[in-house]
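Colleague: Below is one structure. I have some questions about it.
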Amino acid sequence: MQLTSRQKEITRIVRENGPITGEMIAERLHVTRSALRGDLAVLLSGEVIAARRRLGYYYLGGGEDPAAAEIRSCTAEACMSRPVLVNADSNAYDAAVLLFTEDIGTLFVGKEDDVLGVVSRKDLLKSAMGREDLAKVPISMVMTSRSKMIYAEPDEDMVSIAQKLIDYEIDCLPVGTFRDVEGERKFQLKGRISKTNITRLFLELGKGRR
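Structure, rendered in structure tokens:
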């Protein structure tokens, strides 16, 4: 595609400063916004640049929407919340009380350096619907064990994490890593990522706070 000198200059500005508004491009070229309309149309139709409402123009040379790139650059470690743990010798009633008092939807069983499993509101509700006395049900009977636990690595991107939440139909993921300790595989907990964290990230990006 053959570009004019001004179209090349617009492309350079967008590549180096995008996302950028049409008004900002016009200011840099010392022309009016309407004077650029034809050049921008050519660059858009040729897929040299692209535009996103409220975001502006961005360069397509990299092939990725800047909003998507921003989300993908956010890691679990940067967005995670404090995890709440319950002792391995607790019962289902203890877990239900802790969920209520902490106002969360998921608990982790064990210690931070040795998580044994995860318990959600769904797990406790399922047990309660069986008309069981939760105070007599060991936490190990309602939790998802460590071997079946879905988790996120600290450096895992938020797009991957959101996909896991959807694919496995869960509300929260533990953030951490597995490690071998004297021949035993243990999970070391760093934090948690829930749908609330995803929503908070979306809100911050929308308000331009990241």
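Residue numbering for the sequence shown follows full-length UniProt numbering, beginning at 1 and increasing consecutively.
Ideal Cβ positions, reconstructed from N, Cα and C, are used throughout, including at glycine.
If you scan the region 57 to 98 from start to end, which runs of the beta strand (DSSP E) of 3 or more residues do you find wholly inside it?
Modeller: none
Colleague: Please state if the CB of residue 130 and the CB of residue 171 are separated by a distance shorter than 7 Å.
Modeller: Taking the sequence shown and counting its residues from 1, the one referred to as residue 171 is at position 171. Taking the sequence shown and counting its residues from 1, the one referred to as residue 130 is at position 130. Result no, Cβ atoms of residue 171 and residue 130 do not sit closer than 7 Å.
Colleague: Using a 10 Å radius around the Cβ and a threshold of 16 neighbouring Cβ atoms, would you call residue 63 buried or exposed?
Modeller: The residue you call residue 63 lines up with position 63 of the sequence shown. Because residue 63 sits at a pLDDT of 48, beneath the cut-off of 50, its placement in the model cannot be relied upon, and the following sentence gives the value as read from the coordinates. So residue 63 ends up on the exposed side.
Colleague: Look up residue 194 in the DSSP assignment and give the residues it is bridged to.
Modeller: In the sequence shown, counting from the first residue as 1, residue 194 sits at position 194. Answer by DSSP bridge pairing, in chain order: 172.
Colleague: Below 8 Å on the Cβ atoms is my guess for residue 84 versus residue 94; work out the distance and round it to an integer in Å.
Modeller: By one-based count along the sequence shown, residue 84 stands at place 84. By one-based count along the sequence shown, residue 94 stands at place 94. Not confirmed; about 12 Å, so no contact.
Colleague: Tell me the rounded alpha-carbon separation between residue 203 and residue 72.
Modeller: The residue labelled residue 203 in the question sits at position 203 within the sequence shown. The residue labelled residue 72 in the question sits at position 72 within the sequence shown. The alpha-carbon atoms of residue 203 and residue 72 are separated by roughly 15 Å.
Colleague: Which partner residues of residue 189 appear in the DSSP bridge assignment?
Modeller: One-based indexing of the sequence shown puts residue 189 at position 189. Answer is 176.
Colleague: Starting from residue 12, trace the alpha helix (DSSP H) both ways and give me its first and last residue.
Modeller: Stepping through the sequence shown from its first residue, residue 12 is reached at position 12. Element bounds for residue 12: 5 to 17.
Colleague: Which residue wins for smallest C-alpha separation from residue 198, given the options 80, 102, 125, 96?
Modeller: Residue numbering aside, residue 198 sits at position 198 when the sequence shown is read from its first letter. The shortest Cα separation from residue 198 among 80, 102, 125, 96 belongs to 80.
Colleague: Rounding to the nearest angstrom, what Cα-Cα distance links residue 175 and residue 190 in this structure?
Modeller: Residue mapping note: residue 175 aligns to position 175 of the sequence shown, counting from 1. Residue mapping note: residue 190 aligns to position 190 of the sequence shown, counting from 1. Taking the straight line joining both Cα atoms gives about 5 Å.
Colleague: Below 8 Å, can you find three or more Cβ-Cβ pairs linking the region 3 to 17 to the region 26 to 44?
Modeller: yes
Colleague: Can you tell me where the alpha helix (DSSP H) with residue 45 in it begins and where it stops?
Modeller: Your numbering for residue 45 matches position 45 in the sequence shown. 37 to 45 is the extent of the alpha helix (DSSP H) around residue 45.
Colleague: Pick helix, strand or coil for residue 116, following the three-state DSSP scheme.
Modeller: Position 116 of the sequence shown, counting from 1, holds the residue named residue 116. Residue state, collapsed to three classes: strand.
Colleague: Quick test of the definition: if touching needs 3 or more C-beta pairs under 8 Å, does the region 100 to 120 touch the region 140 to 154?
Modeller: yes
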